[in-house]
Structure formats: C-alpha cells, structure tokens
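Protein chains in written order, with the UniProt record's numbering: chain A, 1 to 248; chain B, 1 to 248; chain C, 1 to 248; chain D, 1 to 248.
Where is the CB? At the ideal position from N, CA and C, for every residue including glycine.
Remarks on the structure that follows.
Number of protein chains: 4
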Amino acid sequence: MVIAGCSFTSRLITGTGGAPSLRVLEDALAASETELTTVALRRVSPDAEGSVWDVLHRNGIRPLPNTAGCFTAGDALRTARLAREALETDWIKLEVVADERTLLPDPVELLDAAERLVDEGFTVLPYTNDDPVLARRLEQVGCAAVMPLGAPIGSGLGIRNPHNIELIVEQAEVPVVIDAGIGTASEAALAMELGCDAVMLATAVTRAQDPVLMAGAMRDAVNAGRAARRAGRIPVRRYAQASSPAVD
Amino acid sequence: MVIAGCSFTSRLITGTGGAPSLRVLEDALAASETELTTVALRRVSPDAEGSVWDVLHRNGIRPLPNTAGCFTAGDALRTARLAREALETDWIKLEVVADERTLLPDPVELLDAAERLVDEGFTVLPYTNDDPVLARRLEQVGCAAVMPLGAPIGSGLGIRNPHNIELIVEQAEVPVVIDAGIGTASEAALAMELGCDAVMLATAVTRAQDPVLMAGAMRDAVNAGRAARRAGRIPVRRYAQASSPAVD
Amino acid sequence: MVIAGCSFTSRLITGTGGAPSLRVLEDALAASETELTTVALRRVSPDAEGSVWDVLHRNGIRPLPNTAGCFTAGDALRTARLAREALETDWIKLEVVADERTLLPDPVELLDAAERLVDEGFTVLPYTNDDPVLARRLEQVGCAAVMPLGAPIGSGLGIRNPHNIELIVEQAEVPVVIDAGIGTASEAALAMELGCDAVMLATAVTRAQDPVLMAGAMRDAVNAGRAARRAGRIPVRRYAQASSPAVD
Amino acid sequence: MVIAGCSFTSRLITGTGGAPSLRVLEDALAASETELTTVALRRVSPDAEGSVWDVLHRNGIRPLPNTAGCFTAGDALRTARLAREALETDWIKLEVVADERTLLPDPVELLDAAERLVDEGFTVLPYTNDDPVLARRLEQVGCAAVMPLGAPIGSGLGIRNPHNIELIVEQAEVPVVIDAGIGTASEAALAMELGCDAVMLATAVTRAQDPVLMAGAMRDAVNAGRAARRAGRIPVRRYAQASSPAVD
Chain A
1 MVIAGCSFTS
11 RLITGTGGAP
21 SLRVLEDALA
31 ASETELTTVA
41 LRRVSPDAEG
51 SVWDVLHRNG
61 IRPLPNTAGC
71 FTAGDALRTA
81 RLAREALETD
91 WIKLEVVADE
101 RTLLPDPVEL
111 LDAAERLVDE
121 GFTVLPYTND
131 DPVLARRLEQ
141 VGCAAVMPLG
151 APIGSGLGIR
161 NPHNIELIVE
171 QAEVPVVIDA
181 GIGTASEAAL
191 AMELGCDAVM
201 LATAVTRAQD
211 PVLMAGAMRD
221 AVNAGRAARR
231 AGRIPVRRYA
241 QASSPAVD
Chain B
1 MVIAGCSFTS
11 RLITGTGGAP
21 SLRVLEDALA
31 ASETELTTVA
41 LRRVSPDAEG
51 SVWDVLHRNG
61 IRPLPNTAGC
71 FTAGDALRTA
81 RLAREALETD
91 WIKLEVVADE
101 RTLLPDPVEL
111 LDAAERLVDE
121 GFTVLPYTND
131 DPVLARRLEQ
141 VGCAAVMPLG
151 APIGSGLGIR
161 NPHNIELIVE
171 QAEVPVVIDA
181 GIGTASEAAL
191 AMELGCDAVM
201 LATAVTRAQD
211 PVLMAGAMRD
221 AVNAGRAARR
231 AGRIPVRRYA
241 QASSPAVD
Chain C
1 MVIAGCSFTS
11 RLITGTGGAP
21 SLRVLEDALA
31 ASETELTTVA
41 LRRVSPDAEG
51 SVWDVLHRNG
61 IRPLPNTAGC
71 FTAGDALRTA
81 RLAREALETD
91 WIKLEVVADE
101 RTLLPDPVEL
111 LDAAERLVDE
121 GFTVLPYTND
131 DPVLARRLEQ
141 VGCAAVMPLG
151 APIGSGLGIR
161 NPHNIELIVE
171 QAEVPVVIDA
181 GIGTASEAAL
191 AMELGCDAVM
201 LATAVTRAQD
211 PVLMAGAMRD
221 AVNAGRAARR
231 AGRIPVRRYA
241 QASSPAVD
Chain D
1 MVIAGCSFTS
11 RLITGTGGAP
21 SLRVLEDALA
31 ASETELTTVA
41 LRRVSPDAEG
51 SVWDVLHRNG
61 IRPLPNTAGC
71 FTAGDALRTA
81 RLAREALETD
91 WIKLEVVADE
101 RTLLPDPVEL
111 LDAAERLVDE
121 GFTVLPYTND
131 DPVLARRLEQ
141 VGCAAVMPLG
151 APIGSGLGIR
161 NPHNIELIVE
171 QAEVPVVIDA
181 GIGTASEAAL
191 AMELGCDAVM
201 LATAVTRAQD
211 PVLMAGAMRD
221 AVNAGRAARR
231 AGRIPVRRYA
241 QASSPAVD
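Listed below in structure tokens is the structure:
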C-alpha cells in the first residue's frame, strides 16, 4: 500500500487509546505488525521517557498524529500545526467530530479543515462518515487517503453499510481505509473483501480481554480479507452446487 | 482440536472437488495447511498414480472418506463400508442428502445412518442442517463431531443463521465444524467467532479464481477467527466511546 | 386461503397465551380480524363461563387445538385425541418440541406424530423448523399445511433465515404459515412477501404493551405484505435510477 | 403528523415519476390515500389539461414541488423560486444531488441551499443522506422536516443503515421522513417502527407491476409500522419463551 508516496507492507493501522498499560500496548503493536499508528497530540511528549512516542520510536512504527477531540476546523488546524512542530511530520489524521455522544464527523467542518490543511502542505488522512459524495470531495481537495467509518467510534458495530463502502472504493483513486466500528476479526476481513486498502482500529484491540491475542487476530484477518479479495471468490448461488465429479 | 482422540493443529478441513487440476489442488492443500481432507470414495483409487489419494498421502494429510451422492441410509452404509475397506480407516464423513437441487441433508435418513454406522464401529462426522435439535440427537447416538451447514453446498451464501450455530455450539460436547456455505474469508472467521471448532470447505477454495491464494486466505481467516474468539472481543455499544484519555 | 378445504379471508392466525386478561384478549382478537386461533387443550373448558373457548365461540373464530407442551409423538397423539373429543374438531396444530429452553421442534418425533395423526384422520398443521426437507416430508405424509418457524417461540427475533423460507414456499403445494419468531409488523409483512400464505403469532400481540393496537398492526402488515407480493415489487438495483422524465 | 403547522392524516408521501400512465397514477394515488405528493417543476403545467397537476388538484392532494435534477445550490434556488411562482406554494422538497449515477445528496451544496431557501421564506423539506450530523445541521438552519434516504433513489435496497435512522429520529425535533430506497411494504413498515414520522416513495409504487395494488400495500404498511411502534413491541430474546400457562 502506498500513501502519499510512502510504501507500507502492513495494511493494519492502529491507535493507542484504551490500552491497559504501555507494556501491553507495546506487545499488541508488535503482534499486529502495524507500521503506522495514530496518536493524539496530547499523548505525545517526545521528551518523556516511557511515553507512547517512545514505544513507537523503538519499534520503528511511523506515528500519525491525529486531531481527536476537535469540534471545528479551526481547532483541527491549530492541533495539526502543533503536531507538525512537535513531531516533525506533516502527516495528519484529521478528525473533526460533531458531538461527544456519537463522535461522528462534521461533514462541513471536516471538508473545510481538509482543504485548508492541504493548502498548508499537510498530508491529510481524514476520518469521514460513509457518504460516497463526501469521500469524493475530500479526495478532490487533495486528501492523501479517505477513512470512512464502519460504525461509530468504539461501538464495535462492524460495517453498518457495506454498500456505501463499496461505492467509495469504486470511485476512489486514493487509498480507502476503514476507520472506526470494527469490533472483531471477521469484520476486518470483510472490510478488505469490500475493497478497502487498509483497516484502522484501536479499541477493538486495546480493550479486548487479551489485546495481544486480538492484535494478532486482526493482523491475520486483514491479510485473509486482502488475499480473498484478490483470489476472486466464488459467486453467490441461490441453490446448491455439487463438487465436480472428479479431478482425477 | 481433538476429534475422536486424534489431535489436529489445523482447524481447516478441506474438500477436493472442483479443482481445475491435481497440481493446483496440491498447491492449495499445502497453502491451506490442512491436516484432514474429505474425498468422495469414487475419487479414491489407492492403486492409481496421480490420484487425489496420492496427493493426500505424500502431503501427510489424513483422508476423510465421505458418502457424497447418497440419498438413503442404506446407500450411505454401503458406501461407508466400501470406504473403510478401501482406505483402511473407520472415519467417515456422513452425507445423506434429500435432493439434487438443494443437497440439503435428510434429517431422518441421516440420523438413522449415523446410529447404524456408530454401531458398526465407525467414527462418524455427519454433515447436518443447522437445527440444534438434530445436532444434539446426532451427538447422542455417538457421532464424533457435528458438521452443521452455513448454507447449501456450493452456494457461497455464508452463514445464514448465526443464531442457530451459536445454539449448537452452546450445547455440544463434541467438536462443531461448520460445513458448506462458506464463500469467502470473513465468513470462515465468523464461523470461528461464533464458537465453531473448525471450518470445512471445498468449492470456496477449489473454484476461486486463484485457489492457492484463497487457500491461504482461509487458513489465516480461521486462525484469525479462532484467536478473536479467545481474545474476548469488545462489547457492542449503541453509541460511540472515545479512547481513554491516555495510557502515559 | 384454503386449508383442507376450508376458506379463510384472514391470513393471520393467532394464539391466546400471554394475554393480560380475557377482556384484552377478546379485543385483540377482534382487532386482528383473525378467523382461526390456536388454544392449548388445557385452556379449553367448553363448559366454563368466561373461558377462551367462550371468547372464540361468540366471535365466530374457529378454534385450532394445539399440542403445546408435548415432547414425544406419544404425548402429542394422546393430546390430539383428547382435543378431538372435547372440541369436536379433527384439526390439530401439532407441536412436538425437544426441550424447554429452545422449544424447537423435534424433527423425528414430529414427523412420526404427523404420520400417525394423518392415519387417524386428523387434519394436521405441524409447527416445524425451517428445514425445507422436513417441510416436504411433512407434506408427503399428508399434512394440510406446514408451519415453519421464523425464530424460537417468543423470541421476537423475526425471520432468521429468509432463504430457507423461500425454499419451503417454492416447493410446497399446501399452505405455508410462518409460525413463531415474529415480533413486529414489518416481520409479518416480510413473511408474506417471501410467499407465505399466512402468519401465525401469539406473544407478539398478547405481550405487546398495547395488545389491541398491535393486533391491528399485524392485520394491516399481513395484508400489506400479501398485496406487495402480488403487486410485483421493483427489482433491487445497485445504483440509483431517476424517475422517468415525465408522464405528461 | 404536523409539518410546518399543517396537519396530515396520511403518513405516506408519494412521488409521481415512473407511472405507466396518468390514469394508473391517479388510481395509485387514490389507493395510497396520500395527502402530499412531490412533483418535479417541469412536470407541472397548471394550464395544461390532463397534467399531473390536474390529477393532484382534483384529488385534493397537496403538491410538493421538488428540485430534482439540481446539482448546485444555485440551481436549486432558481428552481425553487420558479416553483413558488408557478404553484403559489412556498413549500419545497429540496434535492441537490452530486452525480447521476448515485443521485446521492451533496451535503455541502444541500446545506447551503437549505439555509438560503429558509432565509427566503421557503418551507424546506430536504432530501438528505443518512448522516445524523447533517440531519441536525439541516434542522438547525430551519428546515421543516428532514428526509434521510434509506438507500439510493430507485434502488429498492431498503434501509441500509437502520442504526443511523434511529440516531436521526432520537435527536430530531422536526418530522423525519424516510425518502428513497424503499422497495416493498415490509421496508415501509420498518421505517415507521424505527420511529420515522412518514415514508416518502415513488418508484416502488409507480414501477411495480401493479402500481395500484402496491399503493394500497404501502398505505397499510405505513399504518402497520406506525401502530406497531406505538403498541410497544415485545423485547427480543435469545431463547424461547412459552406462552403463559393460561389466562382463564
């Protein structure tokens, strides 16, 4: 997978929130084999020992600062600029949510923020709803990827509207990353089968009863879904079909 | 997984019908890492060179003869006895179907055949519908596993009634193997997340556009689903939940 | 709808269990416009004033005795014979369940009981699971209708496997009545759209917060689903289709 | 149902496009018992005999002009002003779609148009996607109702994301009308059960094989779903629940 000119072998992007300890987080990140991990700016203190930043750094994982907790384009811009300065990266996972209860993206503020951040030279990866029209608009203003939700953040509801995800995939010329809603391995596999380029998740791993085991499950599920998509599945049939008489 | 006292590391049981060539079949079986593979008796000629039997033998895969094409308990018994003699195994995958169009199991003939085969000393693995009551009955007459369908054979419709599969898993004291209906990787993962002990499939691999790639996808999907089940997934929530403030 | 030579205008068959009072039950039955209602034998005392029997009688509703609570063919036969004697009807809704927890039909006992009751001259309407093979077998032994479940009794889970219901409808030459699992109006409509000839429900009405209002909802839903089936719905399309330019 | 101070007994709003003839359209509208019907401005020639306008007028159905075919806020404003002048109504069903293939609303243009039309004194009923945030924004700028889609126009895919519709209903203080995607009666009933105040549909009726029969089905389905919502359905249960012992 190539995002903004950078190649990634892993198609699993992770978050860090919710882990019971830094130790467990580190083991889960290792098990996931992720190469790209989002962190909220406030969690990143490059000077501190034992920080999330430290964990990412020593595991060779690229940090992707996000604008979690921003409710307006203005907030998001300020946060993105601080992140760029602190982390020396112009990559930003753009989140502009509308309210605390649903944490759903605000489409107007999001598009506004995306356009302005692109203008300022950021590589913008926006967390968006599953609206194919908004996804296209975000691509048109220059986003490096689009990250539609499967379901609300932390809900574990899976992919509520696979049809919309397929519409987004069909039209996109930048990577499509399912973001939010994934609760278990089969849903991560399904996202890839629908044609997504990658899966982004946090809580599904960090708040599982065994985060490290779940991290490995997600890694395998993403690989499985990706391979199944490329392998060309059998068509769905209304009635049964016996196996062919024999190969020998 | 232990079936009738035999341990298996792999939880993916495969079939052989539908493969474009023996060469592709062999590569797909290797990619799947399966340790147990069903074969229709008519396809097994231990004396012939280049047979399916040969492929299984040299890859160390245990053959599981099946009674595909049998419509009555009597037919199934005769076929099972022939298989035992030819293959020197008393394991039998019992299939007694009701008609060509749906290939659905006939519950009455199936139960009758299962009981009689157990009496004759067979280790019986019955392909059954997804009725929890019939599954329990099959276990009660001494079957070594129960193999409920997800959907009709070759349909690729996935698991039509996850609720029934969960009911079967809750009550079973023998391994539960989903059998038939699986079309793609996410469905195999889901079967394991529902609590199945293994996944049985044939067409989904042999008739995929790239059988070898799909075989690897199914292997990973089964592992992913199994791990996700054990890892304890996050609960489903109606509303969003933000990641916790910080771990550091 | 014609069952065993008797015509019914209403396609909603109701039960009586669970109602908060006889008064509410009577109003709900009236609102439902049902013409056929099952009653457990133990609830029917033709001599008693104020009984369910009395309610049915004065509203011109045909009683359909059932064998609720029977776990074996023998139990069901005894109950059916008592009902015939007490109610002077040879119609029987045959229920032979496997256990208290799921109340799922026992396929072997059910088929056995059905065959014997038909031999004794009963008009048999069996409550069955959603297995198309068992449904066909029940028809073959002479049942006057088949009554597959949508989901376990009282679960309100709706129709768990619409594909199976469609298979049953396609092959049946006797009326198909969805029985059990319906929780709300849209599910009753769906049953009819799938091609069922009627809907049977009890708890969904009697235990609703407002049973009389729900009874009317179910009546309208059954009519709506039946009409929609006959009206020939538009095909499902992957993409949008604008309305035609103009009719004028 | 009250929209912008006007009461409606019927909760079924219809469209006129796609009907095979004016005669069939008129019969279908009558069967639907609708009181509010959208028409594209180009179809309305108040002076012409035998127009859709004529049909609505003589059946006492309130016309709701729409801005079908508009791709920008500017287009929509012009169309709305023309409609107001031609039809002497300030009600407008606002449609601003992004492309011909999906006919999905453009969230940015839609919100812009809505705000400006409200400022010009229109009573605005916007066709929107199923995003709860956009729905709330539309309400905040003064729309008289919100009309989220179930699925793309003319697709007959039903309600793809019931969870989003529920979120919209929970927060809305104006009527919520499901608009687009409904293909059959059970889906109309479901929309009402989810808490929608009304159902808007066109193609599902006009392009059914028997539009008049389907119109009646939709009328009954909307009533059924509305009553079922108010009646308080039984909770969903994982296991069976027998009817209570007896009411008598």
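- Residue 203(A) is positioned such that its CB atom lies no closer than 8 Å to that of residue 69(A).
- Bridge partners of residue 186(C) according to DSSP: none are assigned.
- Pairing residue 67(D) with residue 195(C), the inter-Cα distance amounts to about 38 Å.
- DSSP places residue 206(A) in the helix class (H, G or I) of the three-state scheme.
- Nearest neighbour of residue 235(A) by Cα position, chosen from 184(B), 90(B), 21(B), turns out to be 184(B).
- Three or more beta-carbon pairs separated by less than 8 Å link the region 217–227 of chain A to the region 209–221 of chain B, which places the two stretches in contact.
- Rounded to the nearest angstrom, the Cβ distance from residue 174(B) to residue 146(B) is 6 Å, consistent with a contact under 8 Å.
- When secondary structure is reduced to three states using DSSP, residue 59(D) falls in the coil class, being assigned neither helix nor strand.
- In the three-state reduction of the DSSP assignment, residue 106(A) falls in the coil class.
- Two segments are said to touch when three or more pairs of C-beta atoms, one from each, lie closer than 8 Å; by this definition the region 164–179 of chain B touches the region 136–146 of chain B.
- In this structure, 112(C) is the residue among 112(C), 232(C), 161(C), 72(C) with its C-alpha nearest to the C-alpha of residue 140(C).
- DSSP places residue 162(A) in the uninterrupted alpha helix (DSSP H) bounded by 162–171.
- DSSP places residue 74(B) inside the alpha helix (DSSP H), whose first and last residues are 73–87.
- The DSSP-derived three-state label of residue 197(A) is coil.
- Taking 8 Å as the upper bound on Cβ-Cβ separation, chain B lies near residues 98, 99, 102, 104 of the region 91–104 of chain C.
- Put simply, the backbone Cα of residue 71(C) is about 32 Å away from that of residue 212(C).
- In terms of Cβ geometry, residue 65(C) and residue 41(C) form a close pair [threshold 8 Å].
- Beyond the five residues adjoining it in sequence on each side, residue 197(D) comes within less than 7 Å, by CB distance, of 1, 11, 175, 176, 177 in the same chain, given in chain order.
- The C-alpha of residue 39(C) lies about 45 Å from the C-alpha of residue 201(B).
- In the DSSP assignment, residue 142(D) falls outside any alpha helix (DSSP H), carrying neither H nor E.
- What residue 134(B) touches in chain C, judged by beta-carbon distance under 7 Å, is 107, going in chain order.
- Between residue 8(C) and residue 26(C) a beta carbon distance of about 20 Å is seen, past the 8 Å cut, so the two are scored as non-contacting.
- Buried is the label assigned to residue 95(C), since at least 16 other Cβ atoms lie within 10 Å of its Cβ.
- For residue 25(C), the uninterrupted alpha helix (DSSP H) segment begins and ends at 22–32.
- Residue 100(B) counts as exposed, since fewer than 16 other C-beta atoms from the protein chains shown sit within 10 angstroms of its C-beta.
- With respect to the 8 Å criterion, residue 228(B) and residue 214(A) are classified as neighbours on the basis of their beta carbons.
- For residue 59(D), the nearest beta carbon of chain C is not closer than 8 Å to its own beta carbon.
- Closest in alpha carbon position to residue 158(C), among 156(B), 157(B), 161(B), is 161(B).
- Secondary structure at residue 157(B): coil, using DSSP grouped into helix, strand and coil.
- In the three-state scheme derived from DSSP, where H, G and I count as helix and E and B as strand, residue 40(B) is classed as strand.
- Straight-line measurement puts the Cα of residue 83(C) at about 35 Å from the Cα of residue 104(B).
- Scanning chain A for C-beta atoms nearer than 8 Å to the C-beta of residue 36(B) yields nothing, as the closest lies near 17 Å away.
- One finds 104, 105, 107, 129, 130, 131, 134 in chain C with Cβ atoms closer than 9 Å to the Cβ of residue 131(B), taken in chain order.
- By the rule that beta-carbons nearer than 8 Å mark a contact, residue 236(D) touches chain C.
- Put simply, the CB of residue 162(C) is far from chain D, with every gap to its CB atoms at 8 Å or more.
- Against chain D, the CB of residue 165(C) has no partner CB under 8 Å away; the residue lies outside that interface.
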